[in-house]
Each structure stands twice: as C-alpha cells, then as structure tokens.
Ligand code: NA
Ligand code: NA
C-alpha cells in the first residue's frame, strides 16, 4: 500500500544519532526528544530514533541530514569541525561557559543566531538539545603536579582540549572507544578523558587508571545538539515548529538534570566502592592550561572569520558571566562548603 | 566483435596497471602503521595525521583495487553450480549479472555519492580530529573513482561474455590463469 | 503487499540469485537495489534512504579497526609465499610424532593463536586459508577436513579476545543492561565493560578449541586417510634442530603479535603491522624475500582485501533496504511477542540471529537485534556477559553454516580451484554441530562464561 501517512499529513521522520542506541544520558536524550515531539504533536509527527551505525555511522549523521537522507539528527557540534570549523565552539570551549551560562548565551547572548548561521552551511537548523554539565579532567596513570608533567604525556583527548594538550607538549592519540581501556592498562597511553562519572563508571575506566583528575577544564559543559534538514524544517507549519523547539528546550534541560543527578551517584560509587583516587589539578596546571587555551584558541580562530565571530561572542559573554558568577553561584557554592551544621 | 575485443583488452590493461600501482601502497601501509605504534610506545611521539595517513592508504587500496580484483576473478561467488558449468553458462551468468546486478549497483552508488563528494569539495572538508589530515574531500572522491573503475571492468566482463557466446573461445576464463587468489 | 512481506521475500530471492554464481557482493547489492525499486513503486520504500550509502561506504573506508584486515592478509600471504607457514605447520605436526591428525591439531592451535590476534573473521579465515590449506593438501589431508578445520578455527577470532564482535556487543549490551537495570530501579548499575566480555569469552573459546581438536582426532580414527600421519624424512636426532629452525622464529612472531595486543602495547591494527614487518624480516632471514615474492604478496593483499570489503559494501545495500522496507520493525514485532519464559525467548532470539547471520553483516545484526532484545532478556535476571557470549558464538556458527556463511565465502576466495565448494560445505558440517553443542553447554552451564570474570575482575 502506498504510504498512507503522507496522505493523512503525518510527518514520519527519522532521527540518526552519533550515540549508540540508549547510551546513558546521550542516547537516552535523543529518545526523549523523539518522545516529546511524538506526544506533543498528537501523532502528527512520528520521529523514529536510529543509533549510530544503524543507518549511517556516527560521524556521518550531519551529512545524512544535510542531504535529506533523513530529516533530523542528534549529536555534538564538535564532530563537524572538519566540515565547518566554527561548529566546534558551540559544543564547548576550554575554560569557557558553564551549562547554565551556555544556555543563557544561546537564548539571550546571540548564540542561537550565530549557530543558525554556522549550521546553514551544513544545510541544517540547529537546536541545543542536552548538556553534559561540567565533565571530569580525565583518567591518568601518572601523577599530574605541574604543567611540565604534560610534556610527552600520551593522552587520548579529542577536540579543542587536544589542541591545548598538544601545545603543552603532550602527545595526542586518537583511539577507537573499545581500545581505550586496554591501551590505558598497558601504558600505550598515559591518560584519557571521557565524559563524567556517570558514563566513565559504565565504561569501566576505573579498572585501568590510577587517578581521576578534575575539573574538566576542556569541556566545562558540552552542548548536545539537534540538527534538522533545512527544507524539512522550513516545511513545518508554525505549530509543529513550536513543538519541535519546545521539545528541544525540554530535552536540553532534562539531559542536564540527568547528568547532574547520575554523576553524583556514580562518583559516590567510584569513590566508595572502587576506591578511585580523585584528585584536583593544581593551580599551576590550571593557570598554565588556561593561558595556553587562550593562545591556542586565538591562533585557531584567526584564520576563519566565522570561528572568529563565534569566539568573540563567547568570550564577551564569558567575561560578563564570570564576574556575575563571582557574586552569585561561585560565592554561594563556596558558602555551602563552609563547615556549618545542617 | 573486433571493437569488443579491443575494448576488453583496453579496460583490462587499464585496471591491471592501476591494480599493480595500488599494490605498491601496501608497503607504506605496513611501514606507517608499524611506525605509529613503535614511535608512540618506544619514543612517546606521534601525530594524528600519521595515523590518518594509513587509514587513507587502506581505503584507497581496497576501493581502487576492486576492478583489478574483478579482472583476476578475485570476487568470491557461490559457485556450487557455477564452477562445474559450461563456458556458455558462465558467460550468460556473467553477462546477465553484470547488466542487472553489477552495473545498476555501481550507477546507484555513483548517483548518490556524487553530491556527497561535491559537498565535501565545496567545504574543502578536513579531518574532524585534532591534528588530522586536511583534504578529506580527496579521500572521499575515491568512492567515485571506485565506481568508474569497477563499472568499466564490469563492462569488460560483459563484453568478454558476449565474445564467448559468439564463439570466441580465446576469451573464456581460464581457471589456471584466473584462479584469483 | 506490505514492505515487511517484501523484506522477507527479498531474503528468499537473494538465496536464489546467489546460487547462479555471480559474485556475492553484487548479488546481494543488486537484489537489495531491485527490492528498493519495487518497494518504491509500491510506496513502501523511501528512495532518499539510499542517500546514506556513501556515508556507509566512507564509514567502512575510515574504520581504524578494519585496517587490520589488509595487514593480516599481507602477513599471511608473506608467510605462505616464503613457505614459512608450511614449514611451521608441518614441523609442529611432527612434534605430535607419527600420530595421525597431528597437522590438523597444529592448524587448530595456530588458528587459535591467530584468532587471538585479530577480531575480524575475514582476516583470520583468509589468513588461515593461505597459511594452512597448501600444507594440509600436501600432507594428504582430505579437502573436507582441511577446509572444515580452517573455517572453524578461522572464525574463532570472533570469540577469542580481542574481538570486534565483542567490542561492539559490549558497547550495546552496556546500554541495554543499564536500561534493564533502570527499569528495575537501579540507577548506578555495575557496568558491563568490553573487558568483562573478553574475560568471559576465554573459557568458551578454549572449550571450542578443545572440541575442534577432539573432532580432528576422532575423524582421524574413523577415516585414517583423511588425516594421515606426516611422513618423517628426518632422522630423529635431526628433528630437534629442524624444529628449532622451523618453529621458533614464526612462533616468536605470533607471540609478538599476540603479546603486543594482549599487553595493550598496540591496538590490533598496529599489532597486525608488527606481524607484517616481522613476516618480511623472517622471509628475508630465510632468503626468500625477492621482488617476485614481494609483488605476489602485494597483489594478493589488494585482491583479498578488496574481496572482503566489497562483500561488506554489497551486504550494506542489502541490509539498508531490509531496514528501509520495515524489516527491522518485523523483527521488533516478532521479538516483542516472544513466548514467555527465558528459554523460549532465548531460543527465538538465537534462531533469528542465526538466520540473519547468513545475509547481514554482524554489525547490522548487533545493531538491529541487541538493542531490542537486550533490555527484555536482561530484565529476566540473566548475566549480560553470558548473553554476550551466547550471541557471539551463535553468530560465529551462523557464519560457518552453508550455503551462505560468510566464512565459507572467504575461504572459497582463497582456496585453489581443485577444492570443490561442496567439499567446503560438507567439511564444515561436523564443526557446525560442535558449535551447536557448545551453545547447548553454555546454555546449561552459564558459569562457563560468568565464572572467570567474577574471579578475575572483582
Ligand atoms: Na569529554
Ligand atoms: Na580475536
């Protein structure tokens, strides 16, 4: 039978993701988005989620959406830096914004407009659609005390963080996921970053590494994204557009909440059950990495006007946000750690 | 028939030459992969671009070598009936198979890959990895070259089958010569 | 006709088309394409879905793990061409004395070692075929027993770690297990890591090795001509020297390849490069490395790798169309209506995966079936490690089963014309039965898979 769906004006959409199906936090975020859209549209839209590799391999998701093979996708913007360099700054910037600030930038700091400009080059409409919150610095088999300890360090760390580690004299290694634990175990690599306690526990990294360093200076809060084929988006009537938009806002919030809730449980499991040695990076390390980050990023964006634009906007927002945070969240969070009885 | 025979010889020698050339790439594939591991483990140095270069070599080898492999009968068949059959049966299978299976598949892949590759060229797409190779669009173009080389070899196989069916026995596939691998 | 019915019809037609004898890659791809067009004309297939083909191909072209295939092929052809492999196997056979079946046992053991070094079926079956088939033929082994042993030991790579099947399964099972646990109210479940699966696969893998060897010995008694004793042309006092010269260098090579992976110094791909470089050095030491040998090795590497990957590409069209026609929904429906009870559910899942293994690449099967059935099965209080190993052995069996097992295609691709395809089909039958027996044992005694991880990892 010819697809009756089109006749009844039901939009059957496929969503490809860069995550394995039902992957904690990330894959489940994509499921959530589809669920919201399907329910809120009262059956006028029907989004089916496909995990990485089901229709296309993870890192081909944006092309599949851009060329109309499927209608939408879920991923993280830094995966597309090879196609449009500016995209990676939308995901996370070393020593950049927190999740709340990131969202504020998208909604009130001009972020959405810049993102739309960047994603138009990929023939897609962009929505922030989830956030991992502050990640961890990574799993290390060497003690990291000073910035010099990064010299010759073999670390699996993709993206902008990798650029900074390279500038610090580290040796950035690229490994498929499954090979990370054995490589870490044997000393083929000295360190790896992953996500945060929730995913790191599930991946079993505590079995192969000695130290778990924090904070994740390189990914202070990674934005996940929903990208929609531009003509498919433009074809939507206004009410469905609003539904998709709101579904993304809800997903954006729910994913972050899931990470916050699960990370603190998982960290407890890691510390109490698996006796993981959790350590802070020293001020020396963080100051130096911060300096390097500024330099590396400025050099990187100089060659690409669009990257420069998104970078300038983020840096301007970051400056304001940092000074407000000093009087608000930072001050309060410090206050909360004072030794009072509660 | 003369034209067909010339066509077969032309395409065969083209893919043979390309296959022999591509075969030499296996040496840098081995050496570079070996060096990546040795340098990392032994000397703590490494470049992501070097890792990617062996990835490219591997992709180029099997994609561009596919026509050459067809020429030498290396693409495996379920040959319970095919192998003991007569030269005419084989020629019919190869002719019909090429026209209805091989060529449509390659045309399809070409049609869908063309915009994919062109988009990559327009963006001058590079690696998504930190420190990766630029020029990813060149690597992606290998898909189109694969379609052309494989398609030409398919046409040669079809032409060869027609020649066999019209009594030119010298074009029968010789098992000794084309035992494949 | 609905798309789902069409997707079933496609399987049936593919069987017929394959039997005509046109290359497998294009038989699968062409049939898939034809059904895409039929489905499109009936309004049950979206042609734009085929737009994912270049992405899928590029995914194969840029998959780091697959680079191991040409590298292991290079090593295999080099060892074969320089006649190092033959010497190794024959000498190892001699070590078992004049006893029958000695060479067959050596092949299983070398297969086991090689399996340990790569997780890719295409690579090990092809390498094993290149290494051992000539030696076994020369020694007078029957084509049936030789090809059976080779295919079976060649597919051990799926079970014996490191294995790509297990890596992917680990990834997916992790999600499925977490989902099952979440639905039971456990929000921070113990993770199932790839390492758990690797350790869990060890005993079942050894069990298979033992059963293969057992069968080779039994066969040599049932039909002594099929597995003759090696003719010793050396005096016993010369044997030790011979053994040392023929056995030690290649054994060192295999140990180095294996060791570099197991210690994690190198990824499987990199260790394959160690193997290739090592095989060149060995060939040079035996003074058998010249331009002619090198050219042969290079050319064979291109052809064999191409054969393996073009099959993958053809199967990729087929499975995409299967999905596009709604075949995956059909599978989903079938599984959601699984008969009650663990036994019935497992039986349905295993049978389904077994049949799918004929046509679809394991990656597709793992991606289609496990996310659906995993959470359902895992809620029934079974060990995810056990489930993973059951699936892996089941898929291995599927790849061995005539007439469409991929392992058989790969061996056909490297076997000389003198070996008939029927020999391959008939030779594998006892090994398929062994696989089924192993599955039954594992089903009855899940501890075979779960005990070692418990002891080693906790
Ligand atoms: Na991360
Ligand atoms: Na293996």
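Protein chains in written order, with the working numbering: chain G, 1 to 342; chain F, 343 to 523; chain A, 524 to 981.
Where is the CB? At the ideal position from N, CA and C, for every residue including glycine.
Residue i - DSSP class collapsed to helix/strand/coil
i, result
"residue 455 of chain F", "helix"
"residue 46 of chain G", "strand"
"residue 748 of chain A", "helix"
"residue 145 of chain G", "coil"
"residue 139 of chain G", "strand"
"residue 758 of chain A", "Its pLDDT being 49, under 50, residue 758 of chain A is placed unreliably by the model, and the measurement read from it follows with that caveat. Here residue 758 of chain A sits in coil by DSSP."
"residue 519 of chain F", "The predicted position of residue 519 of chain F is uncertain, since its pLDDT is 36 and thus under 50; no value can be drawn from it."
"residue 665 of chain A", "coil"
"residue 126 of chain G", "strand"
"residue 227 of chain G", "strand"
"residue 935 of chain A", "helix"
"residue 872 of chain A", "helix"
"residue 72 of chain G", "strand"
"residue 772 of chain A", "helix"
"residue 830 of chain A", "helix"
"residue 545 of chain A", "coil"
"residue 249 of chain G", "helix"
"residue 914 of chain A", "helix"
"residue 324 of chain G", "helix"
"residue 342 of chain G", "coil"
"residue 392 of chain F", "helix"
"residue 26 of chain G", "coil"
"residue 419 of chain F", "coil"
"residue 274 of chain G", "coil"
"residue 740 of chain A", "helix"
Neighbouring residues, chain G, relative to residue i (Cβ below 8 Å)
i, result
"residue 708 of chain A", "What residue 708 of chain A touches in chain G: nothing, since even the nearest Cβ is about 13 Å away."
"residue 478 of chain F", "82"
Chain-ordered neighbours of residue i on chain G, where CB pairs are closer than 9 Å
i, result
"residue 716 of chain A", "181, 202, 203, 204, 205, 207"
"residue 790 of chain A", "175, 176, 179, 182, 183, 188"
CB contact flag (residue i, residue j, <7 Å)
i, j, result
"residue 394 of chain F", "residue 475 of chain F", "yes"
"residue 66 of chain G", "residue 123 of chain G", "yes"
"residue 25 of chain G", "residue 137 of chain G", "no"
"residue 909 of chain A", "residue 815 of chain A", "no"
"residue 127 of chain G", "residue 248 of chain G", "yes"
"residue 937 of chain A", "residue 715 of chain A", "no"
Per-residue contacts from residue i into chain F (C-beta, under 8 Å)
i, result
"residue 824 of chain A", "365, 368, 403"
"residue 63 of chain G", "458, 461"
"residue 159 of chain G", "472"
Delimiting residues of the beta strand (DSSP E) encompassing residue i
i, result
"residue 352 of chain G", "Since the first residue shown for chain G is 1 and the last is 342, residue 352 of chain G is missing from the structure and cannot be characterised."
"residue 154 of chain G", "154-156"
"residue 278 of chain G", "277-280"
Neighbouring residues, chain A, relative to residue i (Cβ below 9 Å)
i, result
"residue 371 of chain F", "590, 593, 594, 597, 796, 799, 824"
"residue 60 of chain G", "575, 577, 578, 579, 581, 582"
Endpoints, the alpha helix (DSSP H) within which residue i is located
i, result
"residue 852 of chain A", "850-859"
"residue 791 of chain A", "791-808"
"residue 22 of chain G", "Run containing residue 22 of chain G: none; DSSP gives neither H nor E here."
"residue 67 of chain G", "Where residue 67 of chain G is concerned, there is no enclosing alpha helix (DSSP H), given that its DSSP letter is neither H nor E."
"residue 361 of chain F", "344-366"
"residue 302 of chain G", "283-302"
Within chain A, partners of residue i - CB distance below 7 Å
i, result
"residue 23 of chain G", "698"
Residue i: contacting residues in chain F (beta-carbon distance under 7 Å)
i, result
"residue 152 of chain G", "386"
"residue 163 of chain G", "472"
"residue 670 of chain A", "Those within 7 Å of residue 670 of chain A in chain F number zero; the least Cβ separation is about 14 Å."
Interface residues of chain F facing residue i [CB-CB closer than 9 Å]
i, result
"residue 173 of chain G", "382, 388, 390, 393"
Residue i beta carbon near ligand 4 (any heavy atom closer than 6 Å)
i, result
"residue 574 of chain A", "Summarising the ligand content, the structure contains ligand 1 and ligand 2 and does not contain ligand 4."
Neighbour list for residue i in chain A, Cβ cutoff strictly below 8 Å
i, result
"residue 506 of chain F", "Ordered by position in chain A, no residue passes the 8 Å Cβ test against residue 506 of chain F, which lies about 15 Å from the chain."
"residue 376 of chain F", "793, 796, 797, 799, 800"
*Taking only runs that begin and end inside the stretch 582-632 of chain A, name each unbroken alpha helix (DSSP H) of 4 or more residues, in chain order.*
591-604, 607-618
*Length-filtered (3 minimum) beta strand (DSSP E) runs lying within the stretch 153-224 of chain G*: 154-156, 211-214
*asked:* My parser needs the alpha helix (DSSP H) runs of 4 or more residues fully inside the stretch 80-134 of chain G; what are they?
replied: 88-91, 99-108, 111-120
*Identify every run of the beta strand (DSSP E) within the stretch 696-728 of chain A, keeping only runs that are complete inside it and at least 3 residues long; order them along the chain.*
none
*Enumerated in chain order, which unbroken segments of the beta strand (DSSP E) with a length of 3 residues or greater are wholly contained in the stretch 946-981 of chain A?*
none
*Where are the beta strand (DSSP E) runs, 3 residues long or more, that stay fully inside the stretch 468-511 of chain F, in chain order?*
none
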